[in-house]
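Report on one structure; see the data block that follows.
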Amino acid sequence: MDAATEAGQTKSDLTPSDAAHAPAPNTPQFTRDEDLHAYHEMLLIRRFEEKAGQLYGMGLIGGFCHLYIGQEAVVIGMQMASVEGDQVITGYRDHGHMLACGMDPKGVMAELTGRRGGYSRGKGGSMHMFSREKQFFGGHGIVGAQVSLGTGLAFADAYKKNGQVSLTYMGDGAANQGQVYESFNMAQLWKLPVVYVIENNRYAMGTSVARASAQTDFSKRGISFGIPGEQVDGMDVRTVREAAARAIAHARSGEGPYILEMQTYRYRGHSMSDPAKYRTKDEVSKMRDEHDPIEMVRKRLIDMHGVPEAELKATDAKVRETVNDAAEFATHDPEPDPAELWTDILLESRA
Amino acid sequence: MATDILMPALSPTMEEGKLAKWLKNEGDPVKSGDVLAEIETDKATMEVEAIDEGVLAKILVAEGTEGVKVNTPIAIITAEGEDASAASSTAPKADAPAQAAPAPDMQAEGQAKTPAPTAKTTDDAPKAPAAPATITNKAPAPVMAEFPEGTEMVTMTVREALRDAMAEEMRGDDAVFVMGEEVAEYQGAYKITQGLLQEFGARRVVDTPITEHGFAGIGVGAAFTGLRPIVEFMTFNFAMQAIDHIINSAAKTLYMSGGQLGCPIVFRGPNGAAARVGAQHSHDYSAWYSNVPGLKVIAPYTASDAKGLLKAAIRDPNPIIFLENEILYGQSFPVPKLDDFVLPIGKARVHRPGTDVTIVSFSIGMTYALKAAQALAEQGIEAEVIDLRTLRPMDTETVVESVKKTGRCVTVEEGFPQSGVGAEIVARLMVDAFDYLDAPVLRVTGKDVPMPYAANLEKLALPNVAEVIEAVKAVCYR
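Residue numbers (our numbering), protein chains in the order written: chain A, 1 to 351; chain B, 1001 to 1478.
As structure tokens, then:
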């Protein structure tokens, strides 16, 4: 490693936007109900992911398992600004997106455990789940592939003139893939209704943004195509929703794509087997202590909206129960019938 | 010194064209770069430029003449005051293109093709399918079973059949659209999408930038929502940029989603060798795609199959790889004149019945197989030639039934030998027809080398009729 790269790894570079995490004077406000909704939704993801980590440790979940803990405000804020019918597609860190889309935690957890009640009947796993009903198009294991696919969803929306918008998520790692820029080009060329959400959690596996990206301001990644972009405090669900509303309105109105760089942070490792040697414990605990997306809402609910602790505890208990039920189902549901090996390879031709 | 101006080739596969118009008259002075004449094929018009200074001394081919062979002298340029008779109109052919044929410009490269197939790839290929009758009369009886007896047949090229198939399906279903490089305004790099833009408009005939990876992914994403994209690759060589979406996104998602998310998409375009386009533009991917569960792979030979199977592919709810062949585009075959002619995917066809040996092939491989069968018949060996048509799912049953009858089998393909389509057939025959075989099954394939450019080496790298005959004789112990 040369000196320049080493220099790029300094602590200050790894926390480029603490300013963005401090509540700005013009931070948009949520109503009591909105904060309660955001709290419940984010907590569900947090508890679900904690349980998934637990089941993985017990050997009940196999393969890869990428947890979304720390990034909850991104997908919840985005969903709060979208409407029914808008499509969602993302990469492999996808459990949070599925829950945010309203998919059943039991079906998601049972897919993680590879059981027949899973969303893909146990044949997809953590990275490959879909719900046509909830307009969730995966769940893709090839880094960056979802960006072209999500642009294709938007192509279909434009083709059908259905007024829907494709919310296409990627990480800071995927943002360096070539097909992302092929897609940006066509999306702007054809004014496709797509919002590209770059979840910059600062590390692509173990490689920090500064070590992988010549341009670390991801909101600028669409400049050469004329795609507007902005950096958003992705730890504050309110700023996320506000930016999302702007971006989605832009896309829906026929103006073409929009890029949102969500500055966020993943508390857990890249996957379950990540030793996390590439960052300090301090860095992680600082984010948890000072910028936790759920804790911020909780504090606001108590301090600003006057919600009694007891009510929040009741929410906590309800979420835990949902997650426990999901785990219970996912660990007792039978494995797929062996005959499932041979199904769903091709659809029956109608011709 | 007098110089012959020769009929130029617009493309690697062009053999002849029409001398549409002379723009200079005899006796006119010309200088380098002057446009002398216009020539046409069914696909393009090109200008013939002078590359020397002098006088257009003599026009050898009158304007309006059709079927002018490439490299035929069309005019003579002399130096000032020189006699035209000094020109050697029998200039050595090998030197000719360098003298007068303007190199096709970048735009025309690999795109402006004539429908004529090359005769350069095999020793014994006829010059052209100029006489469709020789092909027509091979239309086998079994084909007739796929449409009502007495159906009127029209002769059309594979190119026209493919276009008609797309146009018919687009008329019937608004969800069908075609996207790819040069499919719209240019009318198709190989003119397969000719006229579609005019009929269906830019919404449904979509020119893409040169970004195979990106637009293949966009096509797959659109297909996830229920649209039915036809994604044209200018050649399947370029689909290598997009193969991740073909395999990982298109082929696997139905399974990975537990049956929720189908992907009704057709990836089509020319596959395999054209003529003299080198290793990066000549790869045959038949075996690659046929290896992948979740895909259907079609590789037709005749125009009739091209039409009936492309229509079926567009209607199919699964991702389809539709492998065409550039050299076959211009070949003519009888096609049934029916309002809606659709063939079943996954059925081989006995193209030529026989009793002594089974030759199994597909796509352009059929040209070698059929010529060999004809030659063998003259030597008293009646070969049954099976056109697989679909490589996945593979119709093993038809092959096995034939081998049970003949006891001998040879496979023919242009692809590489290792893990090829022929290898698959051999393996299946081992299991399903072992007791019926009287000889080991032999394969005739492309050679195990990247495709060379030099004409002689290219010819050596491809299979040829003599190799098929030799293999058949070997399995017949003759």
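In this text, a Cβ means the ideal position worked out from N, Cα and C, and glycines have one as well. As the structure is a prediction and not an experimental result, all values here were calculated from the model.
Practice problem: Output yes if chain B places a C-beta closer than 7 Å to the C-beta of A/ASP94; else output no. | Solution: The C-beta of A/ASP94 comes no closer than 7 Å to any C-beta of chain B.
Exercise. Would you list the residues sitting across from B/VAL1335 in a DSSP beta bridge?
Key: B/VAL1154.
Practice problem: Kindly list, in the order they appear in chain A, the residues whose Cβ is closer than 7 Å to that of B/GLU1256. | Solution: First, the residue type needs correcting, since residue 1256 of chain B is Met and not Glu in the sequence shown. The contacting residues are SER120, LYS123, GLY124 and HIS128.
Quiz item: For B/THR1355, which of B/GLU1181, B/SER1361 and B/VAL1385 has the nearest alpha-carbon?
Solution: The shortest C-alpha separation from B/THR1355 is found at B/VAL1385.
Quiz item: Exposed or buried, which one is B/PRO1264 when buried takes at least 16 other CB atoms within 10 Å?
Solution: B/PRO1264 comes out buried.
Self-check item: Helix, strand or coil at A/SER208 [DSSP, three-state]
Solution: Taken through DSSP and simplified to helix, strand or coil, A/SER208 comes out as strand.
Quiz item: Would you report the Cα separation of B/VAL1431 and B/VAL1220, rounded to the nearest angstrom?
Solution: B/VAL1431 and B/VAL1220 have their C-alpha atoms roughly 37 Å apart.
Quiz item: Going by Cα to Cα distance, which pick from B/VAL1444, B/ALA1461 and B/THR1253 is closest to B/GLU1467?
Solution: Ranking B/VAL1444, B/ALA1461 and B/THR1253 by Cα distance to B/GLU1467 puts B/VAL1444 first.
Quiz prompt | Which of helix, strand or coil DSSP assigns to B/MET1256 | solution = In this structure, DSSP gives B/MET1256 a helical state, which the three-state scheme calls helix.
Quiz item: For the beta strand (DSSP E) that contains B/ILE1329, what are its first and last residues?
Solution: Sequence inspection shows Tyr at residue 1329 of chain B; the Ile mentioned does not correspond to that position. Premise fails: B/TYR1329 is in no beta strand (DSSP E) and is neither H nor E.
Self-check item: Listed by chain order, chain A residues near B/LEU1261 by CB distance under 8 Å
Solution: The CB of B/LEU1261 comes closer than 8 Å to the CB of PHE130, ARG132, PHE137 and GLY138 in chain A, given here in chain order.
Quiz prompt | Start and end residues, beta strand (DSSP E) containing A/MET129 | solution = According to the DSSP assignment, A/MET129 belongs to no beta strand (DSSP E), since it is labelled neither H nor E.
Quiz item: Of all Cβ atoms in chain B, is any one closer than 7 Å to the Cβ of A/ILE345?
Solution: A/ILE345 counts as touching chain B.
Practice problem: Could you tell me which uninterrupted beta strand (DSSP E) segments, each at least 3 residues in length, are contained entirely in the stretch 1255-1327 of chain B, listed from first to last along the chain? | Solution: Counting only runs of 3 or more residues that sit fully inside the stretch 1255-1327 of chain B, the beta strand (DSSP E) segments are 1266-1270, 1296-1298 and 1320-1324, in chain order.
Quiz item: Three-state secondary structure (DSSP) at B/PRO1452?
Solution: Residue state, collapsed to three classes: coil.
Quiz item: Tell me which same chain residues have a C-beta within less than 6 Å of the C-beta of A/GLY59, skipping the five on either side of it?
Solution: Taken in chain order, the list of residues that qualify is empty.
Exercise. Check each residue of the stretch 1222-1238 of chain B: if its Cβ is closer than 9 Å to any Cβ of chain A, include it; give the result in chain order.
Key: Here the close residues are ALA1222, ALA1223, PHE1224, THR1225, GLY1226, LEU1227 and PRO1229.
Quiz item: With 7 Å set as the bound, which would you pick, yes or no: does the beta-carbon of A/ALA330 sit closer than that to a beta-carbon of chain B?
Solution: For A/ALA330, no CB of chain B lies under 7 Å from its own CB, so it is not counted at the interface with that chain.
Practice problem: Out of A/THR113, A/ILE76 and A/VAL88, state which residue places its alpha-carbon closest to the alpha-carbon of A/GLN54. | Solution: Here the closest residue by C-alpha is A/THR113.
Quiz prompt | Amino acids of chain B, ordered along the chain, whose beta-carbon sits closer than 8 Å to that of A/THR151 | solution = Near A/THR151 (Cβ distances below 8 Å), the residues of chain B are GLY1214, GLY1217, ILE1218 and GLY1221.
Quiz item: Hey, quick one: how far does the beta strand (DSSP E) through A/ASN200 stretch, first residue to last?
Solution: Segment 194-200, the beta strand (DSSP E) holding A/ASN200.
Quiz item: Using a Cβ cut-off of 7 Å, which residues of the stretch 155-168 of chain A contact any Cβ in chain B, in chain order?
Solution: Going along the stretch 155-168 of chain A in chain order, one finds PHE155, ALA156 and TYR159 with a Cβ nearer than 7 Å to chain B.
Quiz item: Quick one: is B/ALA1283 buried, meaning 16 or more other Cβ sit within 10 Å of its Cβ, or exposed?
Solution: Before going further, note that residue 1283 of chain B is His rather than Ala in the sequence given. In summary, B/HIS1283 is buried, with 16 or more beta-carbon neighbours lying within 10 Å of its beta-carbon over all protein chains present.
Exercise. Spell out whether any CB of chain B is found under 7 Å from the CB atom of A/ALA7.
Key: Reliability of the predicted coordinates at A/ALA7 is poor, the pLDDT of 37 falling under 50, and the value obtained from them is presented with this limitation in mind. Cβ-Cβ to chain B under 7 Å: no for A/ALA7.
Quiz item: Hey, how far is the Cα of B/ARG1268 from the Cα of B/ALA1239?
Solution: Distance between the alpha carbons of B/ARG1268 and B/ALA1239 is about 10 Å.
Quiz item: Since A/LEU260 contacts A/VAL195 with CB under 8 Å, what's their CB separation in whole angstroms?
Solution: Their Cβ separation, rounded to whole angstroms, is 6 Å, which keeps A/LEU260 and A/VAL195 in contact under 8 Å.
Quiz prompt | Contact set between B/PRO1317 and chain A, taken where Cβ atoms lie within less than 9 Å | solution = Chain A residues near B/PRO1317: LEU346, LEU347, GLU348, SER349 and ARG350.
Quiz item: Given a threshold of 16 other Cβ atoms within 10 Å of its Cβ, counted over all protein chains shown, does A/TRP342 qualify as buried or as exposed?
Solution: A residue is called buried once 16 or more other Cβ atoms fall within 10 Å of its Cβ, and A/TRP342, having fewer, is exposed.
Self-check item: For B/PRO1317 and A/LEU347, the rounded distance between their alpha carbons
Solution: Going by the C-alpha atoms only, they are around 6 Å apart.
Quiz item: Who are the near neighbours of A/ALA158 in its chain, counting only those whose CB is closer than 8 Å to its CB and skipping five residues on each side?
Solution: Cβ within range, chain order: TRP190, LYS191, LEU192 and PRO193.
Quiz item: Measuring CA to CA, which of B/PRO1353, B/VAL1360, B/LEU1391 and B/LEU1261 is closest to A/HIS140?
Solution: Across the set B/PRO1353, B/VAL1360, B/LEU1391 and B/LEU1261, the C-alpha of B/LEU1261 shows the shortest separation from the C-alpha of A/HIS140.
Practice problem: Verify the CB distance criterion: does B/PRO1293 have a CB-CB separation below 7 Å to chain A? | Solution: At a cut-off of 7 Å between beta carbons, B/PRO1293 contacts chain A.
Quiz item: Quick one: is B/ASP1034 near chain A, going by C-beta distance under 7 Å?
Solution: With 7 Å as the cut-off, B/ASP1034 does not count as an interface residue toward chain A.
Quiz item: What is the residue span of the alpha helix (DSSP H) that A/ASP316 lies within?
Solution: Where A/ASP316 is concerned, the enclosing alpha helix (DSSP H) stretches over 309-332.
Quiz item: Going straight from the alpha carbon of A/VAL143 to that of A/GLY91, what length do you get?
Solution: A straight-line Cα-Cα distance of about 6 Å links A/VAL143 and A/GLY91.
Quiz prompt | Start-to-end residues for the alpha helix (DSSP H) that takes in A/SER148 | solution = Residues 145-160.
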